[in-house]
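**Student:**
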Amino acid sequence: MTGSPPLGQSVRALLTNALELYHDSPATAGQLHHQLSRFEEPLRVAVTGPWRSGKSTLVNALMGEQVAPVEVPDGQQVFTWYQDGSAPHAVAYPAGYELPVSRTADGMSVDVRRWQPAPVNDLVVTWPTRTLRHTTLVDTPAVPDAGVEAPPTAVADMILRDVDVVLYLTRDARDTDLHFLQRAQAGLVARAAPVNLLLVLSRADELGGGRLDALIAARQLARRQHRDPRVGSLCLGVVAVSGLVALAGRVLGEPDFAALATLAATPRAELDGFLLSTDRFIGQQFPAPVAVEARRALLDRLGIFGVRLAVTLIRTGSDSRAALAAELVRRSGLTDLREAVARCFVDRREVLQARSALAALESILHTDPRPGVERLSAGLEHVLTTSHDLRELRLLAWLRLHRVGFDGDLAAEARRLVGENGTGVAARLGVDRPTTAELWRLSADALARWRELADDPVLRLDQRRAAQVVVRSCEGIQARLRHRP
Amino acid sequence: MAPVWLDVVDETVRVCAAHGRTDLVRRLQQKRAQLLDSKLRVLVTGEPKQGKSQLVNALINAAVCPAGDGPTTSVPTVVHHAEVPTATLVHTAAGEPAGPAAVPDRTPVPVGELASRINASQAGRPDGAVLHAEVGVPRGLLASGLVLVDGPGFDGDGSGFNGDAPGFNGGAPNFDGDAPSFGGGEPASRVSPVASPARADVVVLVSDATRELSVAEVDLLLRMAREHPHIVVALTKIDLVPHWRLVADRNRQHLASAGVSAPLVPVSATLRLQAAQANDQAINAESGFPELIARLIRSHRAKRDVLAPATVGLLVSTVIQQLATPLRAGLSAAGASEPLARLHEAQRALDQLRRCSTSWQNTLGDEMANLLSDVEYDLRDRTRQILREVDEAFDAADPLRAWGPFQSWLETACTDAAEANFAWLVQRCDWIVNRVAGHLAGYGEDGVPEWSVETPGALSERLAAIEQPNVERFTPLQMAFAGLRGSYIGVLMFGLATTLAGMPLINPISLGAGALFAGKSIRDESKSLLKRRQATAKSAAQRHVDDFFLRLNKECKDTARWVQHLLRDHYTALTEQIHDGIVHSARTAKQAADADAVERDQRHRDIQAQMRRLAVLYERAQQLAAARAAPTVGGPAPAVDGPAPTVAGPAPVAADGPGHRA
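Residue numbers (my numbering), protein chains in the order written: chain A, 1 to 485; chain B, 486 to 1147.
1) Along chain B, which residues have their Cβ under 7 Å away from the Cβ of A/D327?
2) Along the alpha helix (DSSP H) that carries A/M108, what are the first and last residues, could you check?
3) Leaving aside the five residues before and after A/I282 along the sequence, list all residues of the same chain whose C-beta is less than 7 Å from its C-beta, in chain order.
4) For A/D256, decide whether its Cβ has a neighbour in chain B, counting only Cβ atoms nearer than 8 Å.
5) Here's a check: name, in chain order, each residue in its chain whose Cβ is nearer than 6 Å to the Cβ of B/P551, leaving out the five neighbours to either side.
6) Leaving out five residues on either side along the sequence, give the residues of the same chain with a beta carbon under 8 Å from the beta carbon of B/L872.
7) May I ask you to list the residues that DSSP assigns as paired with A/Y97?
8) Could you work out which residues of chain B lie near A/F305, taking near to mean beta carbons separated by less than 9 Å?
9) Quick one: Cα of A/E211 to Cα of A/S56, how far?
10) Do B/Q539 and B/A1172 come within 8 Å of each other at the CB atom, strictly closer than that value?
11) Could you confirm whether any beta carbon from chain B is found closer than 8 Å to the beta carbon of A/T57?
12) At a CB-CB cut-off below 7 Å, which residues of chain A make contact with B/P533?
13) Should B/R757 and B/A543 be called a contact, given that it needs their Cβ atoms to be closer than 8 Å?
14) Apart from the five residues just before and just after A/N421, which ones in its own chain have a Cβ nearer than 7 Å to its Cβ?
15) Tell me whether the beta-carbon of B/H739 lies closer than 8 Å to the beta-carbon of B/E697.
16) What's the C-alpha gap between A/R219 and A/G85?
17) What do you reckon, are the CB atoms on B/D508 and B/V564 nearer than 8 Å?
18) When the Cα of B/P623 is compared with those of B/R833, B/V549, B/R867, which residue comes out closest?
19) Whose CA, out of B/L690, B/M1096, B/L1037, B/R708, lies closest to the CA of B/A905?
20) When you compare only the Cα positions, how much space is there between A/T80 and A/P94?
21) Using the beta-carbon count (16 or more within 10 Å), is A/E71 buried or exposed?
22) Is the shortest distance between the beta-carbon of A/S233 and the beta-carbons of chain B less than 8 Å?
23) At the 8 Å Cβ level, is B/S753 part of the contact set with chain A, yes or no?
24) Using CA coordinates, which residue listed in A/P119, A/G107, A/E98, A/N121 is at the minimum distance from A/R113?
25) Quick one: does A/T135 have its CB under 8 Å from some CB of chain B?
26) With a 10 Å radius around its C-beta and 16 neighbouring C-beta atoms as the bar for buried, classify A/P128 as buried or exposed.
27) Ends of the beta strand (DSSP E) at A/Q83?
28) Determine which residues share a DSSP beta bridge with A/T136 and list them.
29) So, do the segment 246-256 of chain A and the segment 272-290 of chain A have three or more beta carbon pairs nearer to each other than 8 Å?
30) With a cut-off of 8 Å, does the C-beta of B/I1092 fall near any C-beta of chain A?
31) For A/C474, collect the residues of the same chain with a Cβ closer than 7 Å to its Cβ; drop the 5 residues on either side in sequence, then sort them by chain order.
32) Measuring CB atoms only, is the segment 789-797 of chain B touching the segment 306-323 of chain A, in the sense that at least three cross pairs come out at less than 8 Å?
33) For A/V200, which residues from the same chain have a beta carbon less than 8 Å from its beta carbon, with the 5 sequence-adjacent residues on both sides left out?
34) Can the beta-carbon of B/I994 be found closer than 8 Å to that of B/T983?
35) Can a CB atom of chain B be found closer than 8 Å to the CB of A/T423?
36) Tell me the rounded alpha-carbon separation between B/H576 and A/L221.
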């Protein structure tokens, strides 16, 4: 990364100092050890949201397999962690007993028959899959759709404490959802870098009564939401996803495709009437030779909207299983979501983990004060204010809030340069397939322009400061170009 | 013949007016006019993004309400019948705040531009001056007088998340001042009056089939069920959800467990609009709308005979409960009237005073007795000290020579002792006064009586001056005589002894011894004289000091008694004065309490009469409500048990289902 003292390193040093201070308190020391070890682990991504917002479906869609939810007896509130590993197995914590895992046709199922009547908070499922290499997915219990009651809930606090980034799902972004987002931004560290949240308009296929253009409309809605300053200030972005369609695209099998192809081969005039409602789709006198069970399975997998979309897609050229699956995934918004996760989170893994560690340290210092804490607090603040990575994130947040009054173009360029679209050199410079020479030219231009701005006496102080951060980022770009092979 | 419910309403209005509850009067009169109107106002409400506007559109088969993915409905749309399509925006006069006095402007707009005009005016005027939109469409369904109101969604939390929170009222109370609800806590309180549930005859709550009824929705239903006998829950978007029947069953269970007797109608606006396009009756029947429409039409037809009495029944019951609450409170509060409390207070004060006066008298007596003994002891101690010094002085000094200085010293010592003693007396008296005054401090009479005691300055004068004691002087004659006596014995003793030695009686030795004896005898004589003089002086001084003590002691006792009498008189007078005051107030309180008891009795009877009147009214209201319940839905249970037929075949059941026999 571009920071001169790498953020991860200084945070590790801070944690080690804290360990010395708290060496006589086993609980706190354990927490600190845990934070230190998290640096070696993949990024923790929580998928959370209110009741029936499509959390498990989205987890499945992200993993490309039918794994969630693990139906837990007694309806206990359990965090299910999906992590990468060589052999599939599941362990229930804190009791610590193993549950057998079996592979199914398109995913896995955890055998809960051997469930023991013990309090279980976390269920850790190890599952070999490529998706989990860089991220650990957490399927959380529903954040209570409080609205009326007090928003501070145990679930929300646990989510915010234990994970690095959050995908917050909502069916129709409303004010109750803002409570959670606001809660996520409490605390010194969180305010210094409000960068760990994506708002996801899940179940986008249900928008507008399941019309064929529902997903496009949902995408527009997401953009509009993001422009709303109340939302934009609290999260990194808003993405519209249809979890059901995405999952269907990822696990689409040949029998499903065959059935869909049969449907598509049926003349539109005959078929359309039966695509009007779910009842009609699985009703009698169906014009295509597809068994009721197959239709029911299609409906469960795709939803009526998914069936309509798939049939239309097959008719318009996606006439192989692979092509249809790819198109479904693309249309569902899952591609956008994964790209946003990669760009906003995975690329900045180290920074985000450091940030979680800092937040955890802040809360420890706050809850267990003892002599010597002041020095650590000062160290924490020092890291917060001097780390270039965090400065970039902070500037990004300010630019989003329009707190730094640059003009539209300048603000957009600043956002790009400090890494809004990704931290890669090309992404920062805003070019797709660049040559090295072009990169050098662009970075030199940007550096010169922002140096000038940083020294421009006409600008306000905060604008000059912001420009200095951008200059620092430009210098980082050039340093990386220099070290390129 | 005026229907029964009209009588009940008018009676209730009179009762409310008698109670001075103009708000309720206005509310009832509005409801009365609304119920007499032949139109049926149907309010379509629910959480945002549940398909309310789409439901309205599907009901009339026309896209009049802006429905879609974007912003939720923020301005209520009133859809009524018109020969030709019309659209009107109703908003407050420009530049005026929305208030009770404002007369709304009406702007006709082209039907097609309604949605964009609403959005434009919302954006253009941040104070949200548009109150509502009115749309007239030529539809058979509406021709009979059905009016549909597409209300803005209520969010569980308040303002809409989509950035266009409805703010028609600008914080002012509702446009024409009618409170939207009785119970308070109405979520629609910010909603434009046309969309307030109070204005609606029938409420359709829209909830989509993708999830079960939320707690907020059930709460809303419970609140509305207090005023609306006819509530329909429309389960929308059943075309999207494969397992909507499960959701519908669950919702019916929720409704039943919450005690809301509202039928649940699964509908699909998409199917209905499709049916209209394709003119396909089968799809139309599948959409569930025929049942919903049948229910609405049934409610409309029966408005006069069933809906109105039932509504009045609920409304009047609510109103009467509201009226009865303060009355009940008045009854229970009547036990402790204000004059009676004053009387009790006066009696308590009198007791208190009695206790207080005993205690100050005790204090005064005890303290004075203590004071007297203490002062006497002090004085005695001081005089003894003086006497001791006198004794010491005259053990050594010769009164003959030292009497002068001694006399002045004794006077000074006595005066000093008297002054110190007196000062102490005054201090003690002062302290006693304060202590006694402390007892009466609670009455605000902390004034200490004016008193002052002076140290009797002329004490020493008044005391007879100590007289010089009669002392014997040692005169030269006495001296000579004593010398002669001594010398005689000496000469004789030694002369006789020396005669034995042959010497004459008078010889030098006897003469010398005579001189020696004379000297000794003179010295002895003068010493015994001195002793006698000293004793005399001591006894004289003692006598004087005793006199002094006696006199001064008397003086002190007199002073202390004088102070005691002064205090006793002062505080007795004061106590009597306070006592008189309390007795007077007790007397007036008693009179007032007597008068009040009469009045309270009267009021009690009044309240009871009013309560009886209310009870009669309530009874009638209950009968109205019961009369509705028996033929219509038969309480909550049938509404819950009834889903099977309604689901199986909406249209035929709608015609003659259990719901309609009026």
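Yeah, the Cβ is synthetic: ideal placement off N, Cα and C, and Gly gets one too.
Bear in mind that the values here come from a model prediction, so they are computed numbers and not experimental data.
**Tutor:** On the basis of the data shown:
1) Numbered from 1 along the first sequence, position 327 holds the residue referred to as residue 327 of chain A. Here residue 327 of chain A is Glu; the residue named in the question, Asp, does not match the sequence. Residues of chain B passing the Cβ test: none, with the nearest at roughly 21 Å.
2) As a first step, residue 108 of chain A must be located in the first sequence, where it is residue number 108. Looking at the DSSP string, A/M108 is not in any alpha helix (DSSP H); the run it does join, the beta strand (DSSP E), is 107-110.
3) Counting from 1 along the first sequence, the entry for residue 282 of chain A is found at position 282. Around A/I282: V292, R295, R296, L299.
4) Position 256 of the first sequence, counted from the first residue, corresponds to residue 256 of chain A. Against chain B, the CB of A/D256 has no partner CB under 8 Å away; the residue lies outside that interface.
5) Within the second sequence, numbered from 1, the residue matching residue 551 of chain B stands at position 66. For B/P551, same chain residues with a beta-carbon under 6 Å away, outside a window of 5 residues either side, are A600 in chain order.
6) Here the question's residue 872 of chain B lines up with position 387 in the second sequence. For B/L872, where only same-chain residues beyond five positions count, the Cβ hits under 8 Å are A1026, Q1027, V1030.
7) Counting from one through the first sequence, the residue named residue 97 of chain A turns up at place 97. According to DSSP, A/Y97 bridges with A/A92.
8) Working through the first sequence from its first residue, we reach residue 305 of chain A at position 305. Correct list: L725.
9) Position 211 of the first sequence, counted from the first residue, corresponds to residue 211 of chain A. Position 56 of the first sequence, counted from the first residue, corresponds to residue 56 of chain A. One point to set straight first is that residue 211 of chain A is Arg, not Glu, in the sequence displayed. The alpha-carbon atoms of A/R211 and A/S56 are separated by roughly 24 Å.
10) Any question about residue 1172 of chain B goes unanswered here, given that chain B covers just 486 to 1147.
11) Start at 1 with the first residue of the first sequence, and residue 57 of chain A comes out as number 57. Chain B, which has no Cβ nearer than 8 Å to the Cβ of A/T57, makes this no.
12) Counting from 1 along the second sequence, the entry for residue 533 of chain B is found at position 48. What B/P533 touches in chain A: D172, R174.
13) Mapped onto the second sequence, residue 757 of chain B falls at position 272. Mapped onto the second sequence, residue 543 of chain B falls at position 58. Their beta carbons are under 8 Å apart, which means B/R757 touches B/A543 by this criterion.
14) Within the first sequence, the letter at position 421 stands for residue 421 of chain A. Apart from sequence neighbours up to five positions away, the residues of its chain that approach A/N421 with a beta-carbon distance below 7 Å are R343, A427, ordered along the chain.
15) Working through the second sequence from its first residue, we reach residue 739 of chain B at position 254. Working through the second sequence from its first residue, we reach residue 697 of chain B at position 212. Contact flag set, yes.
16) In the first sequence, counting from the first residue as 1, residue 219 of chain A sits at position 219. In the first sequence, counting from the first residue as 1, residue 85 of chain A sits at position 85. Inter-residue distance for A/R219 and A/G85 is about 35 Å (C-alpha atoms, whole angstroms).
17) For the purposes of this step, residue 508 of chain B is identified with residue 23 of the second sequence, where counting begins at 1. For the purposes of this step, residue 564 of chain B is identified with residue 79 of the second sequence, where counting begins at 1. Cβ atoms of B/D508 and B/V564: not closer than 8 Å.
18) The residue given as residue 623 of chain B occupies position 138 in the second sequence. Shortest Cα-Cα distance from B/P623 to any of B/R833, B/V549, B/R867 involves B/V549.
19) Along the second sequence, one-based indexing puts residue 905 of chain B at 420. When only C-alpha atoms are compared, the closest one is B/L1037.
20) On the first sequence, position 80 is the one that residue 80 of chain A refers to. On the first sequence, position 94 is the one that residue 94 of chain A refers to. So the two alpha carbons sit approximately 13 Å from each other.
21) Numbered from its first residue, the first sequence carries residue 71 of chain A at position 71. Burial call: exposed.
22) To locate residue 233 of chain A, count along the first sequence from 1; it is residue 233. So no, A/S233 is outside the interface.
23) Position 268 of the second sequence, counting from 1, holds the residue named residue 753 of chain B. At least one chain A Cβ lies under 8 Å of B/S753.
24) Along the first sequence, one-based indexing puts residue 113 of chain A at 113. A/R113 has its Cα closest to that of A/E98, out of A/P119, A/G107, A/E98, A/N121.
25) Counted from its first residue, the first sequence places residue 135 of chain A at position 135. Chain B, which has no Cβ nearer than 8 Å to the Cβ of A/T135, makes this no.
26) Translated into the one-based positions of the first sequence, residue 128 of chain A becomes position 128. So A/P128 ends up on the exposed side.
27) Residue mapping note: residue 83 of chain A aligns to position 83 of the first sequence, counting from 1. Segment 79-83, the beta strand (DSSP E) holding A/Q83.
28) As a working note, residue 136 of chain A is residue 136 in the first sequence. Bridge partners of A/T136: A/R44.
29) no
30) Counting from one through the second sequence, the residue named residue 1092 of chain B turns up at place 607. So, not an interface residue.
31) Mapped onto the first sequence, residue 474 of chain A falls at position 474. So the list reads L417, S443, A446, L447, W450, once near-sequence residues are dropped.
32) no
33) Sequence index remark: in the first sequence, residue 200 of chain A carries index 200 (1-based). The answer, listed in chain order, is G49, L58, L167, Y168, L169, T170, V238, V239, A240, V241, L337.
34) As a position in the second sequence, residue 994 of chain B is number 509, starting the count at 1. As a position in the second sequence, residue 983 of chain B is number 498, starting the count at 1. Taking 8 Å as the Cβ cut-off, B/I994 and B/T983 qualify as a contacting pair.
35) Residue mapping note: residue 423 of chain A aligns to position 423 of the first sequence, counting from 1. Closer than 8 Å: no.
36) Numbered from 1 along the second sequence, position 91 holds the residue referred to as residue 576 of chain B. Numbered from 1 along the first sequence, position 221 holds the residue referred to as residue 221 of chain A. Spanning the two alpha carbons is a distance of roughly 28 Å.
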